[in-house]
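K.L.:
Numbering (my numbering), first residue to last: 4 to 449. Ideal Cβ placement from N, Cα and C applies to all residues, glycine included. The model shown is predicted, which means the values in this text are computed figures rather than measured ones.
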Ligand code: NAP
Ligand code: HSE
């Protein structure tokens with residue numbers, strides 16, 4: 004049987020499990036790949052770090068370039084932009100196919116890497132870049148080549164889903180839940196990428212590029228993280244019949260595509276509301292295929308290693324039997340809409356004085372800004388003697404820019420035509436009453 008040399012760059016959370024599975028199941032992989040897959044080296048920063056029995060110390064090297072130049076397939080699992088980008092380009096130029104889980108790199112330099120693969124006549128695979136073990140990249144790149152995708156809605160970051168879940172289910176504070184996610188190997192080396200939404204934004208860019216056949220850069224995705232999410236937000240969501248999730252959304256509208264990552268309210272009957280822990284799920288709406296859902300472990304060494312290895316088998320198959328991985332498709336060339344034009348339903352929580360005419364004034368601000376209201380819930384706020392109401396306003400679908408203008412206007416206070424004894428007076432004598440905006444959040448459709 005033919006032998007293919009495989010260089011592994013990185014032996015951390017994912018790389019160490021790739022090496023273990025490839026070694027333990029070598030005979031199976033030989034059958035599936037059509038060639039024996041021989042690890043020709045494992046590049047790491049520190050060759051002296053203990054790595055457990057699965058990683059043969061004799062294969063460790065700090066000289067990544069030497070093993071890249073010797074390989075037929077290079078698996079990049081170092082993460083970060085450099086030197087990962089340079090190593091991948093070097094591997095391709097030398098005739099090796101590349102398998103990577105590096106979404107940060109692809110969402111920034113995907114076009115350059117795709118072009119390098121085409122120029123060198125080698126393949127690029129990146130199933131592990133989105134959704135851990137869940138085959139959503141394959142789904143979009145190959146299975147859905149028969150349809151036009153209209154929207155993608157997903158939970159694509161295991162760390163933040165785990166944190167929000169622990170906060171909601173166990174009442175843990177944010178820091179404790181984050182530490183636990185790091186210990187379990189879900190978080191990136193720098194968890195900022197997870198909690199500030201950039202990891203999900205990179206994945207959103209990759210999925211949108213595949214779905215809409217266009218180039219989407221991470222900076223095209225309007226991104227918010229979860230650092231500001233409080234226990235009060237989670238409780239308010241629950242009371243209103245929602246679950247608070249970090250959602251990635253990519254929608255194809257007639258005027259262009261809108262891309263968003265951020266905390267969102269998901270109705271409890273929506274399939275994404277039931278995604279717990281570090282699990283991921285992506286709901287894809289196709290024009291003809293209708294609604295598809297991918298679900299599975301979205302992070303962690305073992306699940307992610309399986310995605311990497313499926314790509315290694317595919318790359319090996321192409322080397323042995325011929326053919327190529329799907330090339331980059333960019334014929335869609337779709338306009339990317341600014342955040343202000345992205346449309347969604349929103350929920351705005353605010354505290355207002357409990358006075359005659361307040362509701363009318365508040366709803367008037369929404370109307371003036373072209374934002375239609377679907378529901379208003381008013382409750383007494385706090386226990387102080389001053390009368391105050393907590394107002395929760397849920398809108399119909401509205402442009403984000405219009406909702407932002409509404410909030411800005413409300414924050415300046417509302418004009419209420421009453422005097423000190425709550426008698427209605429002329430508009431010219433209207434009192435300005437304060438509005439405190441507590442939160443403003445997207446609501447996903449069922
Ligand atoms: P990790 O645990 O931080 O491991 C990184 C590995 O790369 C380490 O072995 C490190 O060496 C090595 N490395 C880093 N810089 C290097 C350099 N300049 N030269 C040589 N080796 C270098 O990372 P990970 O969690 O396994 O993630 C790897 C990739 O998979 C990332 O792109 C990540 O986004 C992606 N990914 C991760 C997950 C997950 O659940 N963790 C899931 C999907 C995708 P030392 O060990 O010597 O420090
Ligand atoms: N840090 C990422 C997550 C790893 O938490 O989802 C998987 O890409």
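List the DSSP bridge partners of residue 348.
P.N.:
Start at 1 with the first residue of the chain shown, and residue 348 comes out as number 345. For residue 348, which the question treats as bridged, DSSP gives the partners 446.
K.L.:
So for residue 184, helix, strand or coil by DSSP?
P.N.:
Residue mapping note: residue 184 aligns to position 181 of the chain shown, counting from 1. In the structure shown, residue 184 sits in a helix (DSSP, three-state: H, G or I).
K.L.:
Is it buried or exposed, residue 415, if we count other Cβ atoms within 10 angstroms and call 16 or more buried?
P.N.:
Counted from its first residue, the chain shown places residue 415 at position 412. Of the residues assessed, residue 415 falls on the exposed side of the cut-off, its CB having fewer than 16 other CB atoms within 10 angstroms.
K.L.:
Hey, is the stretch 223-232 in contact with the stretch 163-172, meaning 3+ C-beta pairs nearer than 8 Å?
P.N.:
Touching, yes, given that three or more Cβ pairs across the two stretches are closer than 8 Å.
K.L.:
Between the stretch 309-317 and the stretch 182-189, can you find at least three pairs of beta-carbon atoms closer than 8 Å?
P.N.:
No contact exists between the stretch 182-189 and the stretch 309-317.
K.L.:
Kindly indicate the opening and closing residues of the alpha helix (DSSP H) around residue 170.
P.N.:
The sequence position of residue 170 within the chain shown is 167, counting from 1. Run containing residue 170: 161-173, per the alpha helix (DSSP H) assignment.
K.L.:
Exposed or buried, which one is residue 282 when buried takes at least 16 other CB atoms within 10 Å?
P.N.:
As a working note, residue 282 is residue 279 in the chain shown. Label assigned to residue 282: buried.
K.L.:
Should residue 11 be labelled buried (16 or more other beta-carbon atoms within 10 Å of its own) or exposed?
P.N.:
As a first step, residue 11 is located in the chain shown; it is residue number 8 there, counting from the start. Residue environment: residue 11 is assigned as buried (16 or more neighbouring CB atoms within 10 Å of its CB, all protein chains considered).
K.L.:
Start and end of the beta strand (DSSP E) containing residue 293?
P.N.:
Within the chain shown, residue 293 is the residue found at index 290, counting from 1. Per DSSP, residue 293 belongs to the beta strand (DSSP E) from 293-300.
K.L.:
Under DSSP, the alpha helix (DSSP H) around residue 131 begins and ends at which residues?
P.N.:
The sequence position of residue 131 within the chain shown is 128, counting from 1. Premise fails: residue 131 is in no alpha helix (DSSP H) and is neither H nor E.
K.L.:
Should residue 144 be listed as close to the ligand NAP, given that the test is whether its C-beta is under 6 Å from any heavy atom?
P.N.:
Position 141 of the chain shown holds residue 144. Checking the Cβ of residue 144 against the ligand NAP gives no.
K.L.:
Ends of the beta strand (DSSP E) at residue 381?
P.N.:
Your numbering for residue 381 matches position 378 in the chain shown. Per DSSP, residue 381 belongs to the beta strand (DSSP E) from 376-383.
K.L.:
Name the residue from 83, 103, 442, 18 whose alpha carbon lies nearest to the alpha carbon of residue 268.
P.N.:
If you number the chain shown from 1, residue 268 lands on position 265. Minimum Cα-Cα distance from residue 268 among the listed residues 83, 103, 442, 18 corresponds to 442.
K.L.:
Does the stretch 209-217 come close enough to the stretch 37-47 to have 3 or more Cβ pairs within less than 8 Å?
P.N.:
Proximity of the stretch 209-217 to the stretch 37-47 falls short of the contact definition, fewer than three beta-carbon pairs being nearer than 8 Å.
K.L.:
For residue 205 and residue 108, I'd like the C-alpha separation in whole angstroms.
P.N.:
Residue mapping note: residue 205 aligns to position 202 of the chain shown, counting from 1. Residue mapping note: residue 108 aligns to position 105 of the chain shown, counting from 1. Spanning the two alpha carbons is a distance of roughly 9 Å.
K.L.:
In whole angstroms, what is the alpha-carbon distance linking residue 279 and residue 224?
P.N.:
Here the question's residue 279 lines up with position 276 in the chain shown. Here the question's residue 224 lines up with position 221 in the chain shown. Cα-Cα distance, rounded: 24 Å.
K.L.:
Would you identify the three-state DSSP class for residue 325, choosing helix, strand or coil?
P.N.:
Taking the first residue of the chain shown as position 1, residue 325 is located at position 322. It is coil, neither helix nor strand.
K.L.:
Would you please state the rounded distance, in angstroms, between the beta carbons of residue 61 and residue 13? I believe it to be under 8 Å.
P.N.:
Here residue 61 refers to the residue found at position 58 of the chain shown. Here residue 13 refers to the residue found at position 10 of the chain shown. Actually they are not in contact, since the Cβ atoms of residue 61 and residue 13 sit about 17 Å apart, beyond 8 Å.
K.L.:
Below 7 Å CB to CB, which residues in the same chain sit around residue 390 once its five sequence neighbours on both sides are set aside?
P.N.:
Along the chain shown, one-based indexing puts residue 390 at 387. So the list reads 356, 357, once near-sequence residues are dropped.
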